[in-house]
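Enquirer: Using the working numbering, the letters of the sequence shown correspond one by one to residues 17 to 585.
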Amino acid sequence: MPENRKKKEQFHTDRIASYRENEEERHQAVYADGSVNEDAVGHGGPASDNYAGRLREITHVLHVHEVSRGVSPEKLRLILEDLGPTYIKLGQLMSMRSDILPQAYCDELMKLQSDVPAMPFDEVCRVIEDSYGRPVGEVFASIEETPLGSASIAQVHRAVLNEGDQVVVKVQREGIYDVMKRDINLLHRAVRFIPDRVTGGTVDLDSVLDELWIVTQEEMNFQTEASNIEEFRKLNEAVRFVSVPRLYRSLTTGRVLVMEYIDGIDIDDADRLHEAGYDLNEIGEKLINSWIRQVMTDGFFHADPHPGNVLIRDGKIVWIDMGMMGRLSEHDRSSIRLAIEGVAEGDNGKIEDAVLAIGKFSGKPDKRKLHDGIEGLMRTYGSMGLGEIDIAKFFTDLLEVMKENGIQMPHGLTLLARGLNHIEGVLAKISPDVNMVAIARESMREDFLRNIDWKEEVRSGSLSLYRSLRNLVDLPTMIAKILREYSTGQTRINLDLHASEQLARLLDHIVRHINLGLWVTALLISSSILCTTNMEPKVLGIPLLGAVGYVLAVIIMLYMVVKYLVSKK
């Protein structure tokens, strides 16, 4: 490796290391004094100087990674890691937005891991006291100083209430709202330096950041998570093998969340589950049944079911951490059922109908292109039995087809695809022989039979039969009309032909070149005819008008040659 290149890489390594140190110091400075992060960046100057300093850091990191040459999925992950914990959190949120970002970027961003220093315990106590308006000792008999977990937005401590209940307390970091707001605003400025060709015009980075800020605000409001817990508990109270931690609503605020401590076993800890006497296949089947019920029956499901958020206690599956939940409307769920039926029957039309029903279009959809995309999808999955299909991979590929066709999908559908990946990952560890698709199909069939309105089905079926019989009576008359028009030469057929975008561009290219060729031919012929006359004035013995025609013909020919050579490069 050349010496100057080594020096350059070492310089970049040192600068990035310093930024990581600065980021940690920035967090510590904010949290130690309880301020609203006025000194988050920089060295004590005004807020505008801090913004400018942090913006310079961001733009330098972008320069270090040479974003002007393109931003690959791996490069984006490295950039966010170099920018520090708050940006890692943003990246983790972005990984859930495959409706906005290409799937390759989402997969890479899922590798991001937060490594955030824990808040000082006195700061934790200060946040709790500010939220409750009273000393910590009046609420908790004790709180463990060492957190169970620490992340960019909050950290969790085990505690005991004065009444003796074992609980966990989720405490939001001081000043984190201002930090996240500022960093997203700075990113809005920084993305202006990224050329459009870097994203290929497929990603609106400002829209991505707007979506991230909305999701971030929801995650920073613990009252939202508390409402999610209550709704989830109500929807699953009749399911005997599902449990939800008890929420202490009176002790929950926008910045502090208190709920029951769950002393359970991680659902993917096969050894401990075996030792405790559990049947892993039974756990796998119940996990699938529970999650499919959330998705297809309730339309309100856990969107982040990784092993740390699903525990086993007293023979029940305990779902925890309801900060990220997905929602599907009845219309969305009906479309998903239709798509699954289409896969099972190998019916491309049903899948296409489902996509058209569930998606939102920015313009007029190109049904031909969509049909080709689904046809390509079915060439991959159509030869498989339903039980052999990787349903998570299928949904991910279907979302990619929708994205390629400019179809905006509901956010709930992208969370569904992400959740499926987590569920399949858990099953692969504890019960690889359990067939997720077969259980899901049986669960959906039972749900259909349980909820079907037979009276309404008979009424709608009778109405459809009546309409069909009426149309059947009219059929002979319609055939006779067609034959009569044909015999008198009055038959007309309307064709609506659609060319693909590529074919349309090719035809336009050919027509323009033919047109230019005709112009050259016309100029040469007309100029040659003029040269046989004695028309005045003349240039070099040739009539001026004829000479002009020759010059124009040569210019057009040169233009066509140059354009051809440029297009070949």
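Cβ coordinates follow ideal geometry from the N, Cα and C atoms, glycine included.
Hey, quick one: how far does the alpha helix (DSSP H) through residue 100 stretch, first residue to last?
Expert: For the purposes of this step, residue 100 is taken as residue 84 along the sequence shown, with counting starting at 1. Note, residue 100: premise wrong, no alpha helix (DSSP H); not H, not E.
Enquirer: To the nearest angstrom, how far is the alpha carbon of residue 494 from that of residue 478?
Expert: Within the sequence shown, numbered from 1, the residue matching residue 494 stands at position 478. Within the sequence shown, numbered from 1, the residue matching residue 478 stands at position 462. C-alpha separation (whole angstroms): 24 Å.
Enquirer: Is it buried or exposed, residue 92, if we count other Cβ atoms within 10 angstroms and call 16 or more buried?
Expert: Along the sequence shown, one-based indexing puts residue 92 at 76. Burial call: buried.
Enquirer: Check for me: the beta strand (DSSP E) holding residue 342 runs from which residue to which?
Expert: Within the sequence shown, residue 342 is the residue found at index 326, counting from 1. Run containing residue 342: 341-343, per the beta strand (DSSP E) assignment.
Enquirer: Here's a check: name, in chain order, each residue in its chain whose Cβ is nearer than 7 Å to the Cβ of residue 134, leaving out the five neighbours to either side.
Expert: Translated into positions along the sequence shown, residue 134 becomes position 118. Once the five neighbours on either side are set aside, the close Cβ partners of residue 134 are 163, 166, 171.
Enquirer: Among 295, 178, 207, which one has its Cα closest to the Cα of residue 225?
Expert: The residue labelled residue 225 in the question sits at position 209 within the sequence shown. That would be 207, whose Cα lies nearest to the Cα of residue 225.
Enquirer: Alpha carbon to alpha carbon, what distance is there between residue 357 and residue 444?
Expert: The sequence position of residue 444 within the sequence shown is 428, counting from 1. The sequence position of residue 357 within the sequence shown is 341, counting from 1. Whole-angstrom Cα-Cα distance: 25 Å.
Enquirer: For residue 200, does the three-state DSSP call read helix, strand or coil?
Expert: Taking the sequence shown and counting its residues from 1, the one referred to as residue 200 is at position 184. Helix at residue 200.
Enquirer: If you reduce the DSSP assignment to three classes, tell me which class residue 257 lands in.
Expert: Numbered from 1 along the sequence shown, position 241 holds the residue referred to as residue 257. Reduced to three states, the DSSP call for residue 257 is coil.
Enquirer: Run through the DSSP bridge pairs and tell me what residue 165 is partnered with.
Expert: The residue given as residue 165 occupies position 149 in the sequence shown. DSSP, once it has assigned bridges, lists 172 as partnering residue 165.
Enquirer: Hey, could you find the ends of the alpha helix (DSSP H) residue 239 is sitting in?
Expert: Along the sequence shown, read from residue 1 onward, the residue named residue 239 stands at position 223. Note, residue 239: alpha helix (DSSP H), 238-252.
Enquirer: Mind the definition here: the segment 329-342 touches the segment 233-244 only if three or more C-beta pairs lie below 8 Å; say whether that holds.
Expert: As far as the Cβ criterion goes, the segment 329-342 touches the segment 233-244, which means the pair count is three or higher.
Enquirer: Which residues bound the alpha helix (DSSP H) around residue 395?
Expert: As a working mapping, residue 395 is identified with position 379 in the sequence shown. Its alpha helix (DSSP H) spans residues 383-397.
Enquirer: Taking all protein chains shown into account, do 16 or more other C-beta atoms lie within 10 angstroms of the C-beta of residue 551, making it buried, or fewer, making it exposed?
Expert: Here residue 551 is taken as the residue at index 535 of the sequence shown, counted from 1. Exposed is the call here.
Enquirer: Threshold first: 3 residues or longer. Then list the beta strand (DSSP E) segments lying entirely within the segment 317-366, N to C.
Expert: Taking only runs of at least 3 residues, the beta strand (DSSP E) segments lying wholly in the segment 317-366 are 326-329, 332-335, 341-343.
Enquirer: Where are the beta strand (DSSP E) runs, 3 residues long or more, that stay fully inside the segment 141-165, in chain order?
Expert: If we require 3 residues or more, the beta strand (DSSP E) runs fully inside the segment 141-165 come out as 156-159.
Enquirer: Alpha carbon to alpha carbon, how far is residue 253 from residue 260?
Expert: Mapped onto the sequence shown, residue 253 falls at position 237. Mapped onto the sequence shown, residue 260 falls at position 244. Residue 253 and residue 260: Cα-Cα distance of roughly 9 Å.
Enquirer: Assign residue 191 to one of three DSSP states: helix, strand, or coil.
Expert: Within the sequence shown, residue 191 is the residue found at index 175, counting from 1. Residue state, collapsed to three classes: coil.
Enquirer: Measure the CB-CB distance between residue 333 and residue 350 and report whether it falls below 8 Å.
Expert: In the sequence shown, counting from the first residue as 1, residue 333 sits at position 317. In the sequence shown, counting from the first residue as 1, residue 350 sits at position 334. Not a contact, by the Cβ cut-off of 8 Å.
Enquirer: According to the neighbour-count rule (16 or more other Cβ atoms, all chains shown, within 10 Å of its Cβ), is residue 81 buried or exposed?
Expert: For the purposes of this step, residue 81 is identified with residue 65 of the sequence shown, where counting begins at 1. Counting Cβ neighbours within 10 Å, residue 81 comes out buried, since at least 16 surround it.
Enquirer: Can you name the start and end residues of the beta strand (DSSP E) that residue 273 belongs to?
Expert: On the sequence shown, position 257 is the one that residue 273 refers to. Counting along the chain, the beta strand (DSSP E) containing residue 273 begins and ends at 272-276.
Enquirer: Got a sec? Which residues, its chain only, sit under 7 Å from residue 109 by beta carbon, not counting five neighbours each side?
Expert: Here residue 109 corresponds to residue number 93 of the sequence shown, with the count starting at 1. Correct list, in chain order: 228, 231, 232.
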